[in-house]
Every structure is written in structure tokens, then in C-alpha cells.
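Going letter by letter, the sequence shown gives residues 173 to 966 in this note's numbering.
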Amino acid sequence: MDCDDNDPGITTQPGDACNDGNNTTVNDVIDANCNCAGTPTACTGIGDADGDGVCADVDCDDNDPEITTQPGDTCNDGDNTTVNDTIDANCNCAGTPTACTGIGDADGDGICADVDCNDLNPNITSQPGDACNDGNPNTINDLIDANCNCVGTVVPCPGIGDADGDGVCADVDCDDNDPNITAQPGEACNDGDPNTVGETIQADCSCGGGSAGIAPSLTCSRINNVRDDAEEQPSGQIRLASNDLELANDPNTGDQVIGMRFGGLNIPQGAYIVSARLQFTVENTNDLSPANLTIYGEASNDGGRFSGASHNISSRPRTDASANWMPSEWTSNHEAGFAQQSPDLSPIIQEIVSRNGFSTNSRIVLIIEGSGRRSAESFEGYASRAPQLCVEYLTTPPNVDCPALSGNYGATCDDGNPNTYNDQIDSNCNCTGTPTPCPGIGDADGDGICADTDCDDNDPNITYQPGDTCDDGDPNTVGETIQADCSCGGGAASPTLSCVQVNHSSDDAEEWPNGQIDLTSTDLELALDFNHGSQVAGMRFNGLNIPQGSRILKARIQFTVDDTQNEDLCNLRIYGEASDHASSFADINQNISSRPPTHALVEWAPSGWSPVGSAGFAQQSPDLSPILQEIVNRSGYSSASSIAIMIDGVGRRSAESFDGSASKAAELCVEYLSPTGARPATGTTSIVLGGPEGQPTNQPVSAMPDQQVLGPLSVAPNPATDWLALTFSSAIEGPGRVQAINMNGEIILVEEQEIRKGENEIRLEGISLPNGIYILQLVSGRSVQSVKFIVMSE
């Protein structure tokens with residue numbers, strides 16, 4: 173075994189460790205031939221000059237055993253705006269650029285310097301738009317704002333709280349510890365019973381209170397006798413044989429009174445009236461605009477035929493209920509459409525059929541008076557085009573939670589208070605609204621009108637605000653409202669009519685219960701689909717061209733019957749998409765139901781639909797003007813916007829869709845008054861505040877004299893730092909007061925200023941206010957102008 177048995181100095185033998193002098197081998201040992209040999213490695217044949225185990229072809233420095241880096245090794249390039257730093261092929265350390273590359277991220281927390289609320293502290297990663305908690309239980313949707321402050325949206329829960337921040341006050345939230353549970357008593361719900369409707373969240377937060385019902389009956393009657401329509405001239409003379417009915421101005425005699433008598437309606441005494449409308453046909457287009465008409469009923473058990481006796485129409489007793497009608501222009505002879513259809517007359521008919529002496533054989537008389545002219549066909553002029561009255565009714569009042577209000581818990585109502593919104597019937601059968609919140613704005617006179625909209629926040633007797641309806645005293649205009657400068661104006665000569673049909677396959681759709689969208693159905697099933705269950709139908713209407721801020725007078729959808737497989741009880745809910753511009757429907761799960769709904773909602777219990785192809789009174793929705801008004805009032809809405817309407821509910825009515833018959837697709841018709849330039853009010857103005865359709869309540873107030881009206885207020889710069897410039901116009905010279913109000917409603921700055929007649933500019937120097945949002949008010953006499961401004965220190 174001795175590799176040299178003749179030399180006592182050599183003791184090596186096979187298997188002994190040795191060094192073969194090749195640093196690209198390992199585990200060197202004496203082999204069987206007494207040679208020193210190692211096991212080759214990956215570097216064998218390549219080399220490893222510094223013997224650090226990294227082959228020469230990849231060693232970034234093969235002459236320095238201390239440097240073992242090679243391409244692909246992780247490293248740090250010293251730039252905290254890059255990630256995944258590695259040694260590249262040139263032995264340089266390089267990272268992958270991120271969104272912060274070229275912007276910077278001083279604290280290396282991954283939040284770019286331009287949005288990091290503190291780029292010097294890696295523990296602070298908040299940035300504008302992040303969710304946060306401002307610590308105020310009376311706000312929701314708290315977010316980091318552009319100034320890196322945590323700010324929430326104020327909700328009307330002062331003194332009550334909202335622990336889970338879901339926007340539902342603690343005293344009504346069914347679970348104020350869970351933001352995902354927003355149900356509260358009075359809200360509509362579904363108890364799963366297909367035979368009941370009208371369920372709501374009960375006081376114990378269960379779903380119940382539903383009732384069964386039947387579809388309304390429809391009855392229509394057309395004038396069919398020469399003595400069943402008549403005109404009464406200003407002198408009291410009666411015309412029984414006129415070939416038209418001039419509503420209301422006769423060009424030869426002046427403003428007259430029209431009477432119409434309808435028999436054969438066969439409505440039982442005490443029936444519950446669901447809807448009622450008059451349909452006229454155009455006799456000629458010699459309109460006199462504006463036309464402003466009022467419709468009454470004759471308060472009698474059985475209206476008698478008209479006679480030639482003087483004042484035979486105007487002398488009849490009238491119902492307390494009435495309806496105001498401002499018809500748009502009648503532009504085509506023989507037309508009998510939406511423009512020729514009256515507003516809902518159900519309160520008038522209800523008052524008549526509720527009389528103790530009324531019977532199924534009773535006749536109903538309607539009376540119209542007013543100003544302006546629309547000429548309708550009479551029985552004498554064209555019997556088959558004479559006025560027609562259609563009424564939908566239930567033989568007994570519907571089984572609802574609150575009979576006195578004719579509605580279920582959660583149904584919309586009108587509490588008569590202009591200082592509330594989203595009025596609903598509560599669990600105690602009271603119609604209550606949410607008080608208009610003024611936090612951060614203030615209400616100096618305590619009249620319930622926030623300072624930023626109150627036309628005089630120093631006088632509690634003046635409660636009108638921009639947008640309220642009024643009368644400027646000009647008989648040639650209708651539809652005036654309080655303008656931004658608190659004058660009465662904006663009236664129009666006549667309302668505008670706009671009608672559009674669904675005009676594209678993707679503009680009507682059905683959403684099945686599982687969320688799947690059907691864009692090409694040949695019908696719109698409202699709301700039951702026999703194959704899938706109760707669904708949501710959506711319709712999108714383009715090209716209405718209604719200006720932003722218009723006053724909506726009347727709006728309805730006309731459907732056409734696709735099939736007569738009606739399912740009762742049919743109770744539908746109609747609402748709009750609360751967006752500035754509704755997009756087409758898409759084949760995306762829940763693309764209809766996921767759209768934000770309007771607060772306004774209209775319920776519809778349609779009578780039976782037959783025959784196929786019918787497109788009449790029964791297939792016409794109730795008035796949808798509250799829904800349209802909410803949409804066109806949105807600040808981002810424009811005349812080019814599209815409007816989407818959704819329908820859900822129980823029961824079934826089947827309407828034609830665009831894909832089934834484009835010419836019979838759903839049609840939306842709207843009558844509206846466009847906003848126009850304001851005209852200062854003079855003398856005494858009648859401010860019309862918040863009555864139901866056709867029944868305004870008038871509150872006389874003294875209009876502000878012309879010379880006291882201030883022009884709109886502008887401020888610059890906005891945001892401001894330590895100074896602010898106000899610009900405005902004034903009709904007079906005199907003293908004025910400038911005051912700033914903080915978000916707690918406190919007046920924190922007051923300056924007395926002299927105002928010049930004409931254009932004015934006032935500069936406020938050294939205002940020294942903390943960063944935040946403020947209301948700036950300019951007061952002169954009884955005229956007040958307000959504007960919001962922001963302070964943002966440099």
C-alpha cells in the first residue's frame with residue numbers, strides 16, 4: 173500500500189487526502205496509482221482563479237476571493253423607488269422601476285412622494301382617497317382628503333350616533349354594530365311569500381306586514397251625447413253644440429269654463445281609485461300659450477246633463493280636490509297622445525265616488541277653467557274623438573299597513589315639510605322625512621332652511637329658497653321658480669314635450685334572480701319570468717334633450733302588450749338610475765341591479781293587459797316626474813345625458829322589447845319647463861311651496877324690491893391662503909356685511925363694508941383662518957348671497 177516502500181520519508185498511500193493543484197476540483201485524494209486526483213466540478217475546464225468557488229465565467233471579480241457576487245444575485249441598488257434589485261450581466265446592481273421612479277419615495281414605504289401624506293415617516297402610508305376614521309360618529313364614508321385630513325360626509329344623526337358608520341342612525345338601525353346591515357323599520361322587504369306584497373321591516377326588525385290583493389279594474393268612458401260636453405262663455409251663456417272644446421280661451425269671447433259628463437263607468441261607491449286621466453284629441457293647433465288649466469269635479473252624487481241655463485257649468489258645486497295642468501304645445505291635428513292627456517285626477521274621482529249617495533249608475537262631471545288655449549275635439553265635432561275618461565280602481569281599498577295614508581311602511585309620501593327629504597311612511601303610520609342637515613353650514617334664523625340656500629337667513633318668516641316655485645305676476649309665463657339671486661323668474665311660455673323610445677338592443681334588458689343579464693329577449697317581463705322567477709327590467713332612453721335643472725311636470729312610460737299571460741297580484745316598483753349619464757346595459761352579472769337607485773320611487777299596480785298589441789291607458793305607467801326630477805337636478809347631468817329606468821316587483825305583465833318589435837318598444841314621454849334667465853320679482857309674489865301634484869299651497873310673501881337684490885357672489889382665489897377677493901353686483905349703494913361661517917355653523921369673521929351701485933370687489937386681507945371649508949355670506953338689507961370657499965395654507 174506504500175506508494176514508495178524504498179523511501180521511509182514517503183508514507184502516502186491510496187485514499188490519503190492531497191492537493192492536486194487544480195482549484196476547479198474538490199475532494200482530492202491519492203488514487204490507486206499513487207497519483208493525487210480530485211473530483212471535477214462545474215468550473216473544471218473554465219477556471220476559478222481566486223478559488224472562491226465561483227467559476228471564472230460568472231465571478232464578477234475572479235481575482236478577489238472576497239467578491240463572490242455573480243449575475244442574478246440579489247442586491248440593493250440604493251434607489252428605494254425600484255424593486256427586485258439583482259446583479260445584472262454587467263455585474264451592476266439594478267432594480268425594476270416602479271410608479272415612484274422619477275418621483276421619489278424618501279421614506280421607502282412604497283408610497284410615492286407626490287401622494288404620501290408624510291414622505292419622511294415610513295410608518296405613515298396614508299394618501300388621499302384612503303379610508304379612515306375621523307372619530308365622528310355622525311359622519312360616514314370617511315376618507316383622507318387632498319390636505320391629508322380625515323374627513324367624513326355628515327349624516328343627520330346628531331345626538332343619536334351611528335356606531336357602525338353605515339349612515340343609518342343608531343335609533344333606527346337594526347344592527348348598529350354591523351355596517352353591512354342597514355335595514356331599518358319601515359323599509360320595504362320581501363318575506364319570501366309570493367302571495368303577499370307590501371312587506372316592510374317591522375319594529376322588531378323582522379320582515380312582515382305584507383298583504384294579498386287583486387289587480388285593479390279598468391273602466392273608460394267617452395262622451396256620447398250632445399248634452400254631455402259644453403262651453404260656458406264669460407257672460408254665462410252655454411254652448412251645447414260647439415264643434416270643439418277650447419281649453420279655456422275662446423278667441424271671440426275670452427276665457428270660458430268647460431264641462432264634460434261621463435256615464436257608464438260603473439265604479440262602485442267607495443271604490444279605491446288607483447289612477448284616473450282625461451284623454452283629448454287635437455281639433456286645431458291654434459294654441460295660445462302658456463296654457464294654465466285647473467280641473468275640478470262636480471261635487472254631487474250623480475252629475476246631470478248640461479242645459480242652456482245661464483252659468484249651468486260654473487254654478488255647479490265643485491270638489492275640494494283639483495289638479496293643475498300646464499299642457500305643452502298641441503302641434504298636430506287629430507293627435508291623441510301624451511301631450512293631450514291630463515295629469516292624474518284620482519283625488520278628484522276619489523272624492524266623488526266616496527260620497528254616500530254615489531252609486532255604480534252615477535255619472536261623473538269634470539270642469540276645466542284657466543287661461544291660454546288648447547282646442548280639443550267635442551262630441552259634436554267628432555264623436556269618436558270626444559274626450560275620454562279612464563279610471564283604474566279597486567272594489568275595496570287595498571290591504572295596506574296604513575289605510576289613512578293609502579300606503580305600506582316604507583312607501584314614499586309627502587309630510588308637507590319643505591325642510592325634510594326622502595319622506596316615507598314609518599312603522600307608526602306617520603309620514604316623516606329626514607330633516608335637512610345643516611351641520612357646517614348653519615341656520616341663523618332657526619327656520620329649518622340652511623344658510624347656504626335660505627333667501628334671508630336672518631328672518632325666520634322668509635323660508636323660500638332657490639328652486640321653490642313662485643309666480644312673477646307675468647300672465648305670459650308659467651313655471652317660475654326662485655332663482656339663485658332669490659328673485660322670482662325662469663318662467664316659460666309653454667312646457668316642452670319630449671318622447672323617445674328604446675332605440676338599441678342593449679338599451680332594454682332583463683336581469684334574472686341569479687344576476688345573469690338577457691340583452692336580446694323578445695319581451696320585457698314585468699316582473700315574473702316563468703323560467704327564472706322575479707327579475708329586474710331595465711330601460712335606457714337616449715336623446716330626451718332635457719336641460720339640467722328643468723322642472724319636470726309629467727313623465728310616463730308607454731308599453732305595448734306582448735302576451736296576455738298576466739299573473740296577479742302584480743305590484744311593481746319603478747325607480748331610476750342615480751347617475752349623471754346612464755350607460756348601455758352589458759352582459760355583466762347584476763349589471764341592472766347594481767346601478768345606484770334614485771331616492772324617488774313610484775309603485776304601480778297595473779290592471780290586466782289585453783289584447784296583444786294594446787298600447788293604451790292600462791299599459792301606461794303612473795307619473796314618474798319625481799324620478800326624472802331627481803335625475804335632471806344632478807349637477808353633472810346635461811341635456812345630452814341618457815336616463816335609465818328600472819322596474820322590479822311581483823306578478824307579471826309582458827311588454828314588447830326592442831328586440832321583439834322596435835316600433836313597439838317602451839317609450840318615455842316627459843313634459844318639462846326649461847330653466848331660463850331670471851327676472852326680478854316686484855310687488856307681492858306668491859311662493860308655491862311643496863303641495864302634491866296639481867294641489868299647490870300658496871304662501872304670500874313680500875318680494876324683495878329690485879334695488880335690494882345682490883348679484884351672484886364669486887370669490888378668488890379658491891382655495892385661499894390669507895386673503896380673499898369677493899366680486900358681485902349691486903343695484904344700490906349702501907352698507908353691507910361680509911361674514912364667514914365655519915363647519916360648526918359659527919360666525920367666525922364679520923366685516924362691515926360699503927357697497928357701490930354696479931360691480932363691486934371687496935378684498936379681505938389677513939383672514940388667518942385654519943385650513944378647512946367655510947361659507948361666505950354677503951348681506952345687504954334683506955338680500956343675502958352665499959358661496960363656499962376653502963382655506964389651504966401654503
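Think of the CB as a built atom: it goes at the ideal place given N, C-alpha and C, for glycine as much as any other residue. Since the structure is predicted, the reported quantities are computational estimates derived from the model, not experimental observations.
Beta-carbon proximity check, residue i vs residue j, cutoff 9 Å
| i | j | result |
| --- | --- | --- |
| residue 718 | residue 650 | no |
| residue 679 | residue 830 | yes |
| residue 564 | residue 769 | no |
| residue 615 | residue 626 | yes |
| residue 729 | residue 746 | yes |
| residue 475 | residue 535 | yes |
| residue 847 | residue 662 | yes |
| residue 231 | residue 240 | yes |
| residue 404 | residue 500 | no |
| residue 470 | residue 537 | yes |
| residue 217 | residue 184 | no |
| residue 635 | residue 620 | yes |
| residue 713 | residue 815 | yes |
| residue 306 | residue 323 | yes |
First and last residue of the uninterrupted beta strand (DSSP E) at residue i
| i | result |
| --- | --- |
| residue 737 | 733–749 |
| residue 922 | 919–927 |
| residue 771 | 769–776 |
| residue 335 | Per DSSP, residue 335 belongs to no beta strand (DSSP E) and is neither H nor E. |
| residue 727 | 723–730 |
| residue 900 | 895–902 |
| residue 212 | 208–212 |
| residue 262 | Run containing residue 262: none; DSSP gives neither H nor E here. |
| residue 673 | 668–673 |
| residue 468 | 454–470 |
| residue 892 | Looking at the DSSP string, residue 892 is not in any beta strand (DSSP E), and its letter there is neither H nor E. |
| residue 444 | 444–451 |
| residue 394 | 389–394 |
| residue 841 | 839–845 |
| residue 420 | 416–422 |
| residue 564 | 560–566 |
| residue 322 | 322–326 |
| residue 642 | 641–643 |
| residue 252 | Neither: residue 252 is in no beta strand (DSSP E) and is coded neither H nor E. |
Bridge partner(s) assigned by DSSP for residue i
| i | result |
| --- | --- |
| residue 707 | Residue 707 pairs with nothing; no bridge assigned. |
| residue 432 | 401 and 538 |
| residue 173 | Paired residues: none, contrary to the question. |
| residue 498 | DSSP, once it has assigned bridges, lists no residue as partnering residue 498. |
| residue 818 | 710 and 747 |
| residue 932 | 900 |
| residue 689 | 683 |
| residue 317 | Partner(s): none; residue 317 has no beta bridge. |
| residue 292 | Beta-bridge pairing links residue 292 to no other residue. |
N- and C-terminal bounds of the alpha helix (DSSP H) containing residue i
| i | result |
| --- | --- |
| residue 519 | 518–525 |
| residue 632 | It is not in any alpha helix (DSSP H) - residue 632 carries neither H nor E in the DSSP assignment. |
| residue 798 | 797–804 |
Closest by C-alpha distance to residue i, when choosing among the options
| i | options | result |
| --- | --- | --- |
| residue 417 | 431, 710 and 425 | 431 |
| residue 576 | 444, 458 and 483 | 444 |
| residue 657 | 682, 488, 195 and 628 | 628 |
| residue 969 | 816, 321, 669 and 584 | Nothing in the structure corresponds to residue 969, since the chain is present only between 173 and 966. |
| residue 191 | 176, 453, 210 and 206 | 210 |
| residue 894 | 905, 433, 937 and 885 | 937 |
| residue 530 | 542, 473, 504 and 548 | 473 |
| residue 741 | 497, 372, 236 and 566 | 566 |
| residue 585 | 415, 341 and 775 | 775 |
| residue 721 | 653, 399 and 326 | 653 |
| residue 453 | 603, 509, 899 and 401 | 509 |
| residue 788 | 659, 733 and 259 | 733 |
| residue 205 | 451, 595, 636 and 186 | 186 |
| residue 215 | 207, 202 and 234 | 234 |
| residue 837 | 929, 932, 899 and 695 | 695 |
| residue 601 | 782, 583 and 813 | 583 |
| residue 251 | 238, 274 and 243 | 274 |
Integer-rounded CB distance, given that residue j should sit under 8 Å from residue i
| i | j | result |
| --- | --- | --- |
| residue 665 | residue 686 | At roughly 51 Å, the Cβ-Cβ gap does not stay under 8 Å, so residue 665 and residue 686 are not in contact. |
| residue 818 | residue 903 | So it is not a contact: roughly 48 Å between Cβ atoms. |
| residue 959 | residue 887 | 6 Å |
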